[in-house]
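Residues -24 to -1, 1 to 203 (mature numbering (1 follows the signal peptide of the UniProt record, and there is no 0)) make up the sequence shown, in order. C-beta: ideal position from N, C-alpha, C; glycine also. Predicted, not measured: the structure shown is a model, and the values here were computed from it.
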Amino acid sequence: MNATSIARKTALTGTGLLAALALAACGTADDDTAANPQESAVQQSPTQAATTAPAGDDNDDRDDASGSAAASASGSASTSPAAASGSVERQGDDPAYAAIDEILGLHGDGVIVEMDLDDDDAKWEVDVVVGDDVKEYDVTTDGQVSEGVRPQIDDDVRRAGEAQVTAETAISTALQGRTDQTVDEVDLDEEDGTLAWTVELDRENGEDGAEVKIDAKTGDVIEVEEG
């Protein structure tokens, strides 16, 4: 074998050896990556880590914020029926207000369902529901209170529990724009399937005044008949 053949053979052998070493190195790198995926992930830059963070975290934060906002809105919108019906400022100093104050001074949690001024304008007959009982009181215009006798009427108890508007608010509503009239009678009853207050007024000369019907749940005026 001459020198030229030996040189060619040596070159080919070296080239093959280099190729084999290169393949072996690639295989080792792939094996290391497959065996140590966490090590590969650790080598990510902070920017890459932020970019590849789980999308669920942001969604959870948005869901939490949305839930909190919804709960807050629900809580602020929530109101009781009594609060929704509101109240009306007293109109003048009608004697009916004094009678109401006397009765509620005795029964702060009572619900007045009927008031009637006698023909002499000297005494109020007042029916008030206290718990499951209906009590009747006579209240004179000078503030004397005495308990009368009244048969139990279950409908009065039921109506008192359903009413969202008090007798005082019904009176104040009826007297709006009519302060020259005075209260003669107040009654809580059903009007065509609607629980309503009927407030009857008298004029200063003793003649019949307006009759005002007021929804006992909403406080809206249903009907007015001017006397």
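Specify the secondary structure class of aspartate 96 as computed by DSSP and reduced to three states.
Within the sequence shown, numbered from 1, the residue matching residue 96 stands at position 120. Coil, per DSSP.
For aspartate 109, the residue or residues it bridges with in DSSP
Taking the first residue of the sequence shown as position 1, residue 109 is located at position 133. Bridge partners of aspartate 109: Val106.
Taking aspartate 118 as the reference, which of Ala72, Ala186, Leu171, Val200 has the closest Cα?
Walking along the sequence shown from the start, residue 118 turns up at place 142. Each of Ala72, Ala186, Leu171, Val200 was checked against the Cα of aspartate 118, and the nearest Cα belongs to Ala72.
Would you check whether the ligand NAP has a heavy atom nearer than 6 Å to the C-beta of leucine 171?
For the ligand NAP, the structure offers nothing, since it holds no ligand at all.
Confirm, please, whether the CB-CB distance from alanine 75 to valine 115 is below 7 Å.
Counting from 1 along the sequence shown, the entry for residue 115 is found at position 139. Counting from 1 along the sequence shown, the entry for residue 75 is found at position 99. Against a cut-off of 7 Å, the Cβ pair of alanine 75 and valine 115 comes out as a contact.
So, for leucine 151: in the same chain, excluding its five sequence neighbours on each side, which residues have a beta-carbon less than 6 Å away from its beta-carbon?
Reading the sequence shown from its first residue, position 175 is the one you call residue 151. The answer, listed in chain order, is Gln67.
Where does valine 89 fall in DSSP's three states?
Here residue 89 corresponds to residue number 113 of the sequence shown, with the count starting at 1. DSSP places valine 89 in strand when its eight states are reduced to three.
Less than 6 Å between C-beta atoms, sequence neighbours within five positions excluded: which residues of the same chain meet that for glutamate 112?
The sequence position of residue 112 within the sequence shown is 136, counting from 1. Cβ within range, chain order: Asp103, Gly124, Arg126.
Through-space distance from valine 87 to threonine 174, alpha-carbon basis
As a first step, residue 174 is located in the sequence shown; it is residue number 198 there, counting from the start. As a first step, residue 87 is located in the sequence shown; it is residue number 111 there, counting from the start. Taking the straight line from one Cα to the other gives about 15 Å.
Same chain only: Cβ atoms within 6 Å of threonine 149, ignoring 5 sequence neighbours per side:
Position 173 of the sequence shown holds residue 149. Cβ within range, chain order: Val64, Ile190.
Which of helix, strand or coil DSSP assigns to valine 133
Working through the sequence shown from its first residue, we reach residue 133 at position 157. In the three-state DSSP reduction, valine 133 falls in the helix class (H, G or I).
Which class does serine 50 belong to by DSSP, given the choice of helix, strand or coil?
Walking along the sequence shown from the start, residue 50 turns up at place 74. Confidence at serine 50 is low in this model, with a pLDDT of 38, below 50, so the placement of that residue should be treated as unreliable; the coordinate-derived value is given next. Reduced to three states, the DSSP call for serine 50 is helix.
Quick check on threonine 170: does DSSP put it in helix, strand or coil?
Along the sequence shown, one-based indexing puts residue 170 at 194. Here threonine 170 sits in strand by DSSP.
Buried versus exposed call for leucine 93 [16 or more other C-beta atoms within 10 Å across all chains shown]:
The residue given as residue 93 occupies position 117 in the sequence shown. Looking at its Cβ environment, which holds 16 or more other Cβ atoms inside 10 Å, leucine 93 is buried.
Straight-line CA distance for glutamine 120 to arginine 134?
As a position in the sequence shown, residue 120 is number 144, starting the count at 1. As a position in the sequence shown, residue 134 is number 158, starting the count at 1. Rounded to the nearest angstrom, the two C-alpha atoms are 29 Å apart.
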